[in-house]
Amino acid sequence: MYSNPSLRPNGLHSRDQLIKVSGEGEMAVHPDSASVNLGVITEKKELISAQQQNSLEVTKVINSLLSLGIPKEHLQTFDYRIESDYDFEQGKQIFRGYKVTHILQVKIEDLSMIGRIVDSAVQNGVNYVANVQFTAKNKNTFYQQALSIALNNAVEKAKTIAKTLNVTLIPTPTLVMEGGYNVQPFYNQPGTFVKGITSTQFEPGQILVKASVSAEFHYRTV
63 MYSNPSLRPN GLHSRDQLIK VSGEGEMAVH PDSASVNLGV ITEKKELISA QQQNSLEVTK
123 VINSLLSLGI PKEHLQTFDY RIESDYDFEQ GKQIFRGYKV THILQVKIED LSMIGRIVDS
183 AVQNGVNYVA NVQFTAKNKN TFYQQALSIA LNNAVEKAKT IAKTLNVTLI PTPTLVMEGG
243 YNVQPFYNQP GTFVKGITST QFEPGQILVK ASVSAEFHYR TV
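For the numbering used here, add 62 to where a residue sits in the sequence shown, where the first one is 1.
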């Protein structure tokens, strides 16, 4: 935005004499932790039977994860639900049975263990794997760096605009607003895994920590 009204009596420029810019910054970070959702989905005609079988299999999965060294506090129920299943034939709803779903969220601090954890869980009853997400424990530190890059980006934009318009920029912004905090992790879409699968490979790659700002700068025309 550019305009050119007169100065205020105190020598300051009016708010209309502003250059308004936005700035973006990002940091590519190697993740050091992850989480994954592991679920057991059980379908049976009888509800009590479905619940009992599901509970037994989830307990088996939990024990297998604990045996791999996953701390108990890193396991928590992400979702639990009971649904009725129906088939539709010639426009009629026919009851098929019940579906019991129990999904665990597992936090993982040793990234080299992800494939082994998923394989072990599948071999012990898991038939739903979703939301493999990688993150960084100290992402707030990286965000501060991204925020600094975003502000510098805004300053450079303001300098470019002022130079192009042949006006003198006052380099210290009169207003800076933090735009937002965004982390974009690598993730896997939900999927169904077959028992017996082995050597599942997960590549953590990098995550992007993004920051944005908006800033206002005054300028002089002489």
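Don't be surprised by glycine CBs; every beta carbon is placed ideally from N, CA and C.
Taking only runs of the beta strand (DSSP E) that begin and end inside the segment 177-207, which ones reach a length of at least 3 residues, in chain order? 190-197
Hey, Ala-198 and Val-271: beta-carbon distance below 9 Å or not? Translated into positions along the sequence shown, residue 198 becomes position 136. Translated into positions along the sequence shown, residue 271 becomes position 209. It is a contact, given that the beta carbons lie within the stated cut-off.
Give me the Cα-Cα distance between Pro-233 and Pro-266, rounded to the nearest whole angstrom. Locating residue 233 in the sequence shown gives position 171, where the first residue counts as 1. Locating residue 266 in the sequence shown gives position 204, where the first residue counts as 1. Distance between the alpha carbons of Pro-233 and Pro-266: 40 Å.
Whole-angstrom Cβ separation of Ser-182 and Ser-126, contact assumed at under 8 Å? Taking the first residue of the sequence shown as position 1, residue 182 is located at position 120. Taking the first residue of the sequence shown as position 1, residue 126 is located at position 64. Yes, Ser-182 and Ser-126 are in contact; Cβ-Cβ is about 5 Å, under 8 Å.
Please report the distance separating the alpha-carbon of Lys-134 from that of Glu-119. Your numbering for residue 134 matches position 72 in the sequence shown. Your numbering for residue 119 matches position 57 in the sequence shown. Each residue's Cα considered, the two are about 17 Å apart.
7 Å CB neighbourhood of Gln-113 in its chain, flanking five on each side removed: Taking the sequence shown and counting its residues from 1, the one referred to as residue 113 is at position 51. The answer, listed in chain order, is Val-162.
Report yes or no: do the segment 198-211 and the segment 222-239 share at least 3 C-beta pairs separated by less than 8 Å? no
Is the segment 184-197 close to the segment 142-151, with three or more CB pairs under 8 Å? no
Extent of the continuous beta strand (DSSP E) run through Leu-130: For the purposes of this step, residue 130 is taken as the residue at position 68 of the sequence shown. Unbroken run through Leu-130: none, as it is neither H nor E.
Let me check one thing: in DSSP terms, what residues is Asn-99 bridge-paired to? Numbered from its first residue, the sequence shown carries residue 99 at position 37. Asn-99 pairs with Gln-167 and Ala-192.
On the three-pair Cβ rule with 8 Å, is the segment 146-158 touching the segment 175-190? no
Indicate whether the contact test is met: 3 or more Cβ pairs, each with one atom in the segment 157-171 and one in the segment 97-104, closer than 8 Å. yes
Beta-carbon proximity list for Ser-95, same chain, < 8 Å, skipping 5 on both sides: Within the sequence shown, residue 95 is the residue found at index 33, counting from 1. The residues are Lys-169, Ile-170, Glu-171, Leu-173, Phe-196, Thr-197, Ala-198 and Lys-199.
Identify, in the order they occur along the chain, each residue of the same chain with its Cβ nearer than 8 Å to the Cβ of Asn-214, setting aside the five sequence neighbours on each side. Here residue 214 is taken as the residue at index 152 of the sequence shown, counted from 1. The residues are Gly-85 and Gly-87.
How is Gln-263 classed by DSSP in three states: helix, strand or coil? Within the sequence shown, residue 263 is the residue found at index 201, counting from 1. Correct three-state label for Gln-263: coil.
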